[in-house]
Amino acid sequence: MNGTCQPGDNFLLQPIWAAIRSHEDLLLSKLFPTCFVFFAHLVACLYFILLDFMEPHVPCLWRYKLSSQDSRNTKALWECLWKTASNQVVCIPSVSLLCTYLRPQRLPDKAPSCFCLAFEVVQCLLLFDALYFCCHFLLHRVPYLYQKVHSVHHQYQETFALVAQYSSPWDAVILQMTAFSCTALLHCHPLSEMSFHLLNIWLSVEVHSGYDFPWASHRMVPLGLLGGAPFHNLHHQQFKCNYAPYFTHWDRLFQTFHFT
């Protein structure tokens, strides 16, 4: 637990945590972290895949599409799904090894307070955004790394939800190990850790979805702090801009921020 964020008033989350903690053996298993991320990713993608197939028949969706390209290409969907699944062959052992050293041997009895959970999740998002900005910048600016590690992800210049984890195995490992390292470095409560991974996955899928809805996360957060799908879609088209996954401050600081 983060020393700056104690359990406190946890009566709202305690019943939820007690139900989750009853499956402690599963939660602490070596396969759980990567399987959790993989299946959460598929569930998040399903929402946007359904919208893609509804879109030709629902004219009101057209105005929110960032591209005129048809996202119902079943071959591309299966290709992305297969690539994401096959990457787990590399991710499972590497993430399992990391978690063996970083995760607790047993789960805490008490849930975090709502404030503590929210505070830790925001901390993790900010740290992940900073770390991945640095990694992503290097992957683009070092030609060897781009060619060998990151170029697979940029095969799609017009993105859709499943592109979020369409990458080389090494790119997938970097992404997952960065995310899991953040929660360990900040000593997050396991419930905060799970919440962070769910939000992180949702934001990743959302920025690749190809939709710019009024209720999208970047429109709910004020002051343009989040870039959203338009911000990341531009990265896939122009390559040398908008390196941060979600927030815009690092790109503004390093003058790599572009927006339409």
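Position one of the sequence shown corresponds to residue 1 (my numbering), numbered consecutively onward.
Note that beta-carbon positions come from the ideal geometry of N, C-alpha and C, so glycine has one too.
From a predicted model like this one, the values you see are computed outputs, not experimental measurements.
For L46, does the three-state DSSP call read helix, strand or coil? Here the question's residue 46 lines up with position 46 in the sequence shown. The answer is helix: DSSP assigns L46 an H, G or I state.
Cα separation between S192 and K75? For this step, residue 192 is matched to residue 192 along the sequence shown. For this step, residue 75 is matched to residue 75 along the sequence shown. Each residue's alpha carbon lies about 37 Å from the other.
For the alpha helix (DSSP H) holding D25, just list the boundary residues, first then last. Taking the first residue of the sequence shown as position 1, residue 25 is located at position 25. It spans 24-27 - the alpha helix (DSSP H) in which D25 sits, taken as one unbroken run.
With contact counted as at least three CB pairs below 8 Å, one residue from each stretch, are the region 175-194 and the region 211-220 in contact? no
For the 8 Å Cβ check, are there 3 or more pairs between the region 20-38 and the region 115-130? no
Contact set for F199: own chain, Cβ-Cβ below 8 Å, skip 5 residues either direction: Here residue 199 refers to the residue found at position 199 when the sequence shown is read from its first residue. The amino acid at residue 199 is misidentified as Phe; the sequence shows Leu. Only V121, L125 meet the Cβ criterion.
Between F257 and L226, which are expected to be in contact by the criterion C-beta below 8 Å, what is the C-beta distance as a whole number of angstroms? Along the sequence shown, read from residue 1 onward, the residue named residue 257 stands at position 257. Along the sequence shown, read from residue 1 onward, the residue named residue 226 stands at position 226. F257 to L226, Cβ: 13 Å. No contact.
In whole angstroms, give me the CA-to-CA distance for E206 and S68. Here residue 206 refers to the residue found at position 206 when the sequence shown is read from its first residue. Here residue 68 refers to the residue found at position 68 when the sequence shown is read from its first residue. Their backbone Cα atoms lie some 18 Å apart in a straight line.
Using a Cβ-Cβ cutoff of less than 6 Å, which residues in the same chain neighbour H236 once the five nearest sequence positions on both sides are dropped? By 1-based counting over the sequence shown, the position of residue 236 is 236. Excluding sequence neighbours, H236 sits near Q157, T159.
DSSP three-state assignment for Y246, whether helix, strand or coil: Sequence index remark: in the sequence shown, residue 246 carries index 246 (1-based). Coil at Y246, not helix or strand.
Under 8 Å, with one C-beta from each stretch per pair, do the region 78-85 and the region 163-170 reach the 3-pair mark? yes
Please report the distance separating the alpha-carbon of S209 from that of M54. By one-based count along the sequence shown, residue 209 stands at place 209. By one-based count along the sequence shown, residue 54 stands at place 54. Their Cα atoms are separated by approximately 14 Å.
Hey, is the region 9-18 in contact with the region 104-119, meaning 3+ C-beta pairs nearer than 8 Å? yes
May I ask which residues mark the beginning and end of the alpha helix (DSSP H) holding L175? Indexing the sequence shown from 1 puts residue 175 at position 175. From DSSP, the alpha helix (DSSP H) with L175 extends over 169-185.
Residues of its chain near R72, where Cβ-Cβ distance is below 7 Å and the 5 sequence neighbours each way are ignored: Sequence index remark: in the sequence shown, residue 72 carries index 72 (1-based). Hits under 7 Å: D52, F53.
Between the CA atoms of L138 and Y144 - distance to the nearest angstrom: For this step, residue 144 is matched to residue 144 along the sequence shown. For this step, residue 138 is matched to residue 138 along the sequence shown. Distance between the alpha carbons of Y144 and L138 is about 10 Å.
With which residues is K65 paired in a DSSP beta bridge? The residue given as residue 65 occupies position 65 in the sequence shown. Answer is Y211, bridged to K65.
Thinking C-alpha only, which one of I49, L26, C91, F48 is nearest D171? The sequence position of residue 171 within the sequence shown is 171, counting from 1. The candidate whose alpha carbon is nearest that of D171 is C91.
Less than 7 Å between C-beta atoms, sequence neighbours within five positions excluded: which residues of the same chain meet that for M1? Indexing the sequence shown from 1 puts residue 1 at position 1. Confidence is the limiting factor: at M1 the pLDDT is only 44, short of 50, which leaves the residue's position unreliable and the question unanswerable from this model.
Span of the alpha helix (DSSP H), counted from its first residue to its last, around D129: What you label residue 129 is simply residue 129 of the sequence shown in a count that begins at 1. 114-141 is the extent of the alpha helix (DSSP H) around D129.
Is L226 helix, strand or coil when you go by DSSP? As a first step, residue 226 must be located in the sequence shown, where it is residue number 226. Three-state DSSP puts L226 in a strand.
Spatial neighbours of C45 within its chain, please: CB distance less than 6 Å, with the 5 preceding and 5 following residues excluded, ordered by chain position. Taking the first residue of the sequence shown as position 1, residue 45 is located at position 45. Excluding residues within five positions, the ones whose Cβ falls inside 6 Å are A161, L162, V205.
Does DSSP put T84 in a helix, a strand or coil? Within the sequence shown, residue 84 is the residue found at index 84, counting from 1. Three-state DSSP puts T84 in a helix.
Going by alpha carbons, who is nearest to S96 out of F180, K240, H249? As a first step, residue 96 must be located in the sequence shown, where it is residue number 96. Closest option to S96, Cα to Cα, is F180.
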